[in-house]
Ligand SMILES: Cc1cc2nc3c(=O)[nH]c(=O)nc-3n(C[C@H](O)[C@H](O)[C@H](O)COP(=O)(O)OP(=O)(O)OC[C@H]3O[C@@H](n4cnc5c(N)ncnc54)[C@H](O)[C@@H]3O)c2cc1C
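Numbering (full-length UniProt numbering), first residue to last: 1 to 490.
Structure below.
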């Protein structure tokens, strides 16, 4: 891909004599880390870096620094990176990484800036932001190549012109790169698989500044780890290439019940999930502002079968909803509706955790989960959002990529929309998420790495894939350049 899209890198890798980088094929150790400087580059070094870049370098005091440091969550605006490299191309990323190693800095890759734990920023780190690399190239074989800065909304807008899609998450400003590296859960998963399942190759720059283009047959261990291992590991992705699928119109539905029906809706939704055809996708919300827990189901049928799907859901629940809406949308309309329209792009603060539902939540456990959701005692509101897996997600084996949860029923996100971000409310949010984890108990088999949460064991996100993932990460980042609180050990 880089030979097509990034002429500078193509010259370097093929003409400049390091073709072995692309042809290595093995997870062999990369170049030894050079003797490190102080972690505090002199002014002259920053000046030299600035000159080398095609993109921009922002240091404290520079115009644009305070705007460049912002991520999606305003809660992180107080973080003060040492500098932000706004990369224009793969070469800039290589230069920034070489600089990082030379001066013993902590690199923080960033694409869309939506990390749940602020992993793409930090005090004293060097942010390497590929958000400006936002080209989209649609190919005659119906695949699409995108710069790592492309956001989901832009990707769908571009693909819709060709009546094609890639199954992604819903928020329009989420970075495709960050989403793909961790899996990618959304409304077309059951039909087409996870976002990462559509990935055919990518360009990734390792800590030594070299560029690799892994596929399922070339550097296959690296490619395995990049599908579910999560961002911030191994290297910095600069390009991604996906196969695409037909973009179908959707029939959307929303069903609501009263809070006294929460138990039967939770159990009935799971019952239906086991039978649901892969053209149907329906998630379950348990919403609360503390006290009453309101259940609702929102779904889409990509084959126009929503009336039949609603009948099947209602039959599994055993009670008609108190309100029901059903309507048709073009594919673009459905994507835009699930994206939340223009409100979906608005910066916001939240606190969340997740569980992967490995077995059904019934009886006492269902009651406990509902009680835990309703136990919220802070400012703002909470939701348990159950997103179904199954269908095409389960077409691959649990060890086929780093995403372990192929046979799980669903992912549940314990989500607090923060209207106050003081420490008292954050402590309450953390305690609420803990209560939800406790309530789901052994029905959970792990967590979803794209919904990282503070203090959780990293191995929880990968299950039995963890040790393989750690060993692959170590082989490509032997000096732990990408080590951080939330990264795999290098
Ligand atoms: C509002 C909102 C809605 C969401 N909806 C969904 C959803 O529907 N489905 C779903 O599956 N997930 C969803 N997510 C979670 C999202 O997938 C993850 O937060 C994802 O990591 C965000 O990627 P990003 O590029 O936007 O974030 P960033 O903060 O830029 O990056 C996230 C992580 O990846 C690393 N990283 C970023 N870019 C690169 C790169 N180019 N190379 C290597 N590492 C990199 C970062 O260092 C960080 O560790 C949502 C998140 C938010 C905030």
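Ideal Cβ positions, reconstructed from N, Cα and C, are used throughout, including at glycine.
Meets three-Cβ-pair contact criterion under 8 Å: the region 206 to 221 and the region 169 to 184: Result no; under three Cβ-Cβ pairs closer than 8 Å.
Rounded straight-line distance, which links the Cα of residue 107 to that of residue 234: Numbered from its first residue, the chain shown carries residue 234 at position 234. Numbered from its first residue, the chain shown carries residue 107 at position 107. Annotation: residue 234 to residue 107 spans about 12 Å, alpha carbon to alpha carbon.
Cβ neighbour criterion (16 or more within 10 Å) applied to residue 12: Taking the first residue of the chain shown as 1, we reach residue 12 at position 12. Bear in mind that the predicted position of residue 12 carries a pLDDT of just 30, short of 50, making it unreliable; the figure below should be weighed with that in mind. Per the 10 Å Cβ criterion, buried.
Three-state secondary structure assigned by DSSP to residue 361: Within the chain shown, numbered from 1, the residue matching residue 361 stands at position 361. Here residue 361 sits in coil by DSSP.
Residues near residue 428 in its chain [Cβ-Cβ closer than 7 Å; skip 5 each side]: Mapped onto the chain shown, residue 428 falls at position 428. Hits under 7 Å: 377 and 378.
Cβ contact (3+ pairs, closer than 8 Å) linking the region 253 to 269 and the region 345 to 358: Output reads no: the region 345 to 358 does not touch the region 253 to 269.
C-alpha distance - residue 28 paired with residue 324, whole-angstrom precision: The sequence position of residue 28 within the chain shown is 28, counting from 1. The sequence position of residue 324 within the chain shown is 324, counting from 1. Its pLDDT being 34, under 50, residue 28 is placed unreliably in this model, and the value from its coordinates should be taken loosely. Rounded to whole angstroms, residue 28 to residue 324 spans 57 Å at the Cα level.
Three or more C-beta pairs below 8 Å linking the region 88 to 99 and the region 149 to 158: The answer is no - the region 149 to 158 does not touch the region 88 to 99, with fewer than three Cβ pairs under 8 Å.
Reduced DSSP category for residue 403 - H, G, I as helix; E, B as strand; rest coil: Translated into the one-based positions of the chain shown, residue 403 becomes position 403. Looking at residue 403 - three-state DSSP - the assignment turns out to be coil, as it is neither helix nor strand.
Under 8 Å between C-beta atoms of residue 162 and residue 192: Within the chain shown, residue 162 is the residue found at index 162, counting from 1. Within the chain shown, residue 192 is the residue found at index 192, counting from 1. In this structure, residue 192 does not lie closer than 8 Å to residue 162 by Cβ.
Residue 384 - containing beta strand (DSSP E), residue span: For the purposes of this step, residue 384 is taken as the residue at position 384 of the chain shown. From DSSP, the beta strand (DSSP E) with residue 384 extends over 381 to 388.
Through-space distance from residue 394 to residue 401, alpha-carbon basis: The sequence position of residue 401 within the chain shown is 401, counting from 1. The sequence position of residue 394 within the chain shown is 394, counting from 1. Between residue 401 and residue 394, the C-alpha separation is close to 12 Å.
Length of the line joining the Cα atoms of residue 128 and residue 299: Stepping through the chain shown from its first residue, residue 128 is reached at position 128. Stepping through the chain shown from its first residue, residue 299 is reached at position 299. Per the coordinates, the alpha-carbon of residue 128 lies some 37 Å from the alpha-carbon of residue 299.
Assigned secondary structure, residue 425 (DSSP; H/G/I helix, E/B strand, else coil): The sequence position of residue 425 within the chain shown is 425, counting from 1. Here residue 425 sits in helix by DSSP.
Residue 478 versus residue 282 - alpha carbon distance: The count along the chain shown starts at 1 and reaches residue 478 at position 478. The count along the chain shown starts at 1 and reaches residue 282 at position 282. For residue 478 and residue 282, the gap between their C-alpha atoms comes out near 43 Å.
Contiguous beta strand (DSSP E) assignments of at least 3 residues, all confined to the region 60 to 92: Fully enclosed beta strand (DSSP E) runs of 3 or longer: 83 to 86.
Same chain only: Cβ atoms within 6 Å of residue 485, ignoring 5 sequence neighbours per side: Locating residue 485 in the chain shown gives position 485, counting from the first residue. So the list is empty, once near-sequence residues are dropped.
Contacting residues, own chain, Cβ-Cβ under 8 Å from residue 142 (five flanking each side not counted): The count along the chain shown starts at 1 and reaches residue 142 at position 142. Scanning its chain for C-beta atoms nearer than 8 Å, with the 5 sequence neighbours on each side dropped, one finds around residue 142 the residues 162, 164, 243 and 244, in chain order.
Span of the beta strand (DSSP E) around residue 326: On the chain shown, residue 326 is found 326 positions in, with the first residue counted as 1. From DSSP, the beta strand (DSSP E) with residue 326 extends over 323 to 329.
C-beta contact flag for residue 417 and residue 447 at 8 Å: The sequence position of residue 417 within the chain shown is 417, counting from 1. The sequence position of residue 447 within the chain shown is 447, counting from 1. No, these two residues do not count as a Cβ contact at 8 Å.
Assigned exposure category for residue 275 - 16 Cβ within 10 Å defines buried: Residue numbering aside, residue 275 sits at position 275 when the chain shown is read from its first letter. Label assigned to residue 275: exposed.
Delimiting residues of the beta strand (DSSP E) encompassing residue 414: Within the chain shown, numbered from 1, the residue matching residue 414 stands at position 414. First-last of the beta strand (DSSP E) with residue 414: 410 to 417.
Assumed close pair residue 203, residue 237 - CB separation to whole angstroms, cut-off 8 Å: Sequence index remark: in the chain shown, residue 203 carries index 203 (1-based). Sequence index remark: in the chain shown, residue 237 carries index 237 (1-based). About 7 Å separates the two Cβ atoms, so the contact holds.
Extent of the continuous beta strand (DSSP E) to which residue 482 belongs: Here residue 482 refers to the residue found at position 482 of the chain shown. That residue, residue 482, is in no beta strand (DSSP E); it is neither H nor E in DSSP.
The beta strand (DSSP E) enclosing residue 243, as first and last residue numbers: In the chain shown, the residue the question calls residue 243 occupies position 243. Its beta strand (DSSP E) spans residues 235 to 243.
Residues that residue 165 bridges to, as DSSP identifies them: In the chain shown, counting from the first residue as 1, residue 165 sits at position 165. BP columns for residue 165 point to 245.
When 272, 347 and 126 are compared against residue 174, the one with the closest alpha-carbon: Stepping through the chain shown from its first residue, residue 174 is reached at position 174. Taking only the C-alpha atoms, the option nearest residue 174 is 347.
The beta strand (DSSP E) enclosing residue 146, as first and last residue numbers: For the purposes of this step, residue 146 is taken as residue 146 along the chain shown, with counting starting at 1. 143 to 147 is the extent of the beta strand (DSSP E) around residue 146.
Rounded C-alpha distance that separates residue 420 from residue 149: For the purposes of this step, residue 420 is taken as residue 420 along the chain shown, with counting starting at 1. For the purposes of this step, residue 149 is taken as residue 149 along the chain shown, with counting starting at 1. C-alpha separation (whole angstroms): 30 Å.
Exposure label - residue 100; buried when at least 16 CB within 10 Å: Position 100 of the chain shown holds residue 100. Residue 100 sits buried, since 16 or more C-beta atoms from the chains shown fall within 10 Å of its C-beta.
Where residue 33 sits in the DSSP three-state scheme: Here residue 33 refers to the residue found at position 33 of the chain shown. Residue placement at residue 33 is flagged as unreliable, the pLDDT there being 46, under the threshold of 50; the coordinate-derived value follows with that caveat. Here DSSP, grouped into helix, strand and coil, assigns residue 33 to coil.
CB contact flag (residue 364, residue 389, <8 Å): Along the chain shown, read from residue 1 onward, the residue named residue 364 stands at position 364. Along the chain shown, read from residue 1 onward, the residue named residue 389 stands at position 389. Not in contact: residue 364 and residue 389 (Cβ atoms no closer than 8 Å).
Beta-carbon separation (whole angstroms), residue 310 vs residue 248, contact threshold 8 Å: The residue labelled residue 310 in the question sits at position 310 within the chain shown. The residue labelled residue 248 in the question sits at position 248 within the chain shown. With 8 Å as the limit, residue 310 and residue 248 do not qualify as a contact, their Cβ atoms being about 18 Å apart.
Residue span of the beta strand (DSSP E) that contains residue 216, given as start and end: To locate residue 216, count along the chain shown from 1; it is residue 216. First-last for residue 216: undefined, no H or E at that position.
Presumed contact (8 Å Cβ cut-off) between residue 225 and residue 473, rounded CB distance: One-based indexing of the chain shown puts residue 225 at position 225. One-based indexing of the chain shown puts residue 473 at position 473. Correct: roughly 7 Å between the Cβ atoms.
Per DSSP, the bridge partner or partners of residue 110: Translated into positions along the chain shown, residue 110 becomes position 110. In the DSSP assignment, residue 110 is bridged to 129.
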